[in-house]
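Let me begin by presenting the structure, written as structure tokens, before commenting on it.
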Amino acid sequence: MEVIILSSPKEVEEMGGRILADQIARKADSVLGLATGATMHGVYHYLSLRHEKHGLDFSKVRSFNLDEYYGLGPHHPCSYHTYMCQHLFERVNIQPENTRVPDGLAQDVEAHCREYEAAIEAAGGIDLQLLGLGEDGHIGFNEPSSSLSSGMRIKTLTPMTRRTNQRDFPPGESMPMHVLTLGVGNIMAARRCLLLAHGAKKAPAIQAMVEGPITAMCPASMLQQHRSCTVVVDEAAAAFLQLADYFRCVYKHKPEWQKVNG
Ligand code: F6R
0 MEVIILSSPK EVEEMGGRIL ADQIARKADS VLGLATGATM HGVYHYLSLR HEKHGLDFSK
60 VRSFNLDEYY GLGPHHPCSY HTYMCQHLFE RVNIQPENTR VPDGLAQDVE AHCREYEAAI
120 EAAGGIDLQL LGLGEDGHIG FNEPSSSLSS GMRIKTLTPM TRRTNQRDFP PGESMPMHVL
180 TLGVGNIMAA RRCLLLAHGA KKAPAIQAMV EGPITAMCPA SMLQQHRSCT VVVDEAAAAF
240 LQLADYFRCV YKHKPEWQKV NG
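So in numbering that gives the first Met the number 0 the end of the sequence shown lands on 261, straight run, no missing numbers.
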């Protein structure tokens with residue numbers, strides 16, 4: 000696991016955007032695993048600008064989102080499908096038929112999950128999986144106690160995640176209790192993982208993920224076993240890392256070309 004510590008949330012989001020842009024530039028038909036949430040706003044903004052100003056070409060890119068609220072249709076204003084359209088899909092030249100977000104209205108959840116996994120497989124697997132981190136250590140919506148080899152399935156959100164994400168719903172509208180999410184096993188199958196986190200609230204989860212034991216109580220800790228995982232955090236999120244100075248030293252002495260390529 001490579002840990003890159005930068006000074007500000009903006010730098011974290013821009014670095015995330017640069018790594019994704021570099022992936023697309025190197026492989027035009029990249030298969031991207033995408034995430035939503037506040038951390039990704041700046042990432043998608045960066046990618047939209049790279050498309051608009053420098054012609055970054057998404058025409059052959061295929062994408063699979065990690066998760067969707069169960070019970071929300073694609074056009075619901077708070078669905079992750081709507082989020083993706085607003086933040087990325089409508090701002091770049093990605094082909095709508097090349098984008099997938101789990102169907103929050105799927106009647107047969109089991110069949111939908113198996114079909115979604117098969118579609119990822121048919122696309123050749125995920126080249127680069129973008130991840131945020133929950134304060135409770137979740138990736139995707141694999142909450143604490145999730146199987147570390149799990150596949151896609153329906154999950155119940157923890158009260159902490161529901162409290163945090165309630166901010167995305169208008170006052171008076173309570174958010175769903177369930178989500179469809181790719182599992183930890185699906186995430187581990189990606190060829191490269193890129194996890195971004197910033198802010199003091201993420202510091203305990205970052206420390207547990209990077210330096211704690213591999214445990215289902217912090218599903219993100221499974222990324223210690225991933226053969227190519229880059230973690231980009233700001234100083235506030237890195238505050239509890241015992242090896243912070245070592246991580247800074249490693250990054251400082253990396254050759255310039257390797258700083259984005261991993
Ligand atoms: C969302 C997702 C979640 C978020 C995580 C962090 O698609 O997969 O794991 O990445 O909850 O969310 P923010 O960035 O809002 O702190």
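We treat Cβ as the ideally placed atom computed from N, Cα and C, and that holds for glycine.
Please read all numbers here as calculations on a predicted model, not as lab measurements.
### Message
Quick check: what's the CA-CA separation for D244 versus C112?
### Response
Take the alpha-carbon of D244 and the one of C112: they are about 42 Å apart.
### Query
L127 to K52, Cα distance in whole Å?
The alpha-carbon atoms of L127 and K52 are separated by roughly 23 Å.
### Query
Given a threshold of 16 other Cβ atoms within 10 Å of its Cβ, counted over all protein chains shown, does E67 qualify as buried or as exposed?
Classification of E67: buried, given that the 10 Å Cβ count is 16 or more.
### Message
Suppose you measure from the CA of L179 to the CA of S62; what does that come to, to the nearest Å?
### Response
Whole-angstrom Cα-Cα distance: 16 Å.
### Message
If I follow the unbroken beta strand (DSSP E) through D56, where does it start and stop?
### Response
It is not in any beta strand (DSSP E) - D56 carries neither H nor E in the DSSP assignment.
### Task
Using the DSSP secondary-structure output, state which residues sit across from N141 in a beta bridge.
DSSP, once it has assigned bridges, lists I138 as partnering N141.
### Query
How would you write the range of the beta strand (DSSP E) that V30 sits in, first residue to last?
Segment V30 to L33, the beta strand (DSSP E) holding V30.
### Task
Leaving out five residues on either side along the sequence, give the residues of the same chain with a beta carbon under 7 Å from the beta carbon of Q206.
Closer than 7 Å at the Cβ level, and outside the excluded window around Q206, lie F239 and L240.
### Task
May I ask whether a heavy atom of the ligand F6R can be found less than 8 Å away from the beta carbon of G139?
Indeed, a heavy atom of the ligand F6R lies less than 8 Å from the Cβ.
### Query
Where does S149 land, buried or exposed, given buried means 16+ other C-beta within 10 angstroms?
With 16 or more neighbouring CB atoms inside 10 Å of its own CB, S149 falls in the buried class.
### Query
Would the region 70-86 and the region 183-202 be scored as touching if the rule is three or more Cβ pairs under 8 Å?
No contact exists between the region 70-86 and the region 183-202.
### Task
Go ahead and label D135 buried or exposed: buried means 16 or more other beta carbons lie within 10 angstroms of its beta carbon, across all protein chains shown.
The C-beta of D135 has 16 or more other C-beta atoms within 10 Å across all chains shown, which makes the residue buried.
### Query
So what does DSSP say about Q165, is it helix, strand or coil?
In this structure, Q165 counts as helix in the three-state DSSP scheme.
### Query
Any heavy atom of the ligand F6R within a distance shorter than 8 Å of the CB on D102?
Checking the Cβ of D102 against the ligand F6R gives no.
### Message
The alpha helix (DSSP H) that contains Y68, what's its start and end?
### Response
Careful: Y68 lies outside any alpha helix (DSSP H), inside the beta strand (DSSP E) at D66 to Y68.
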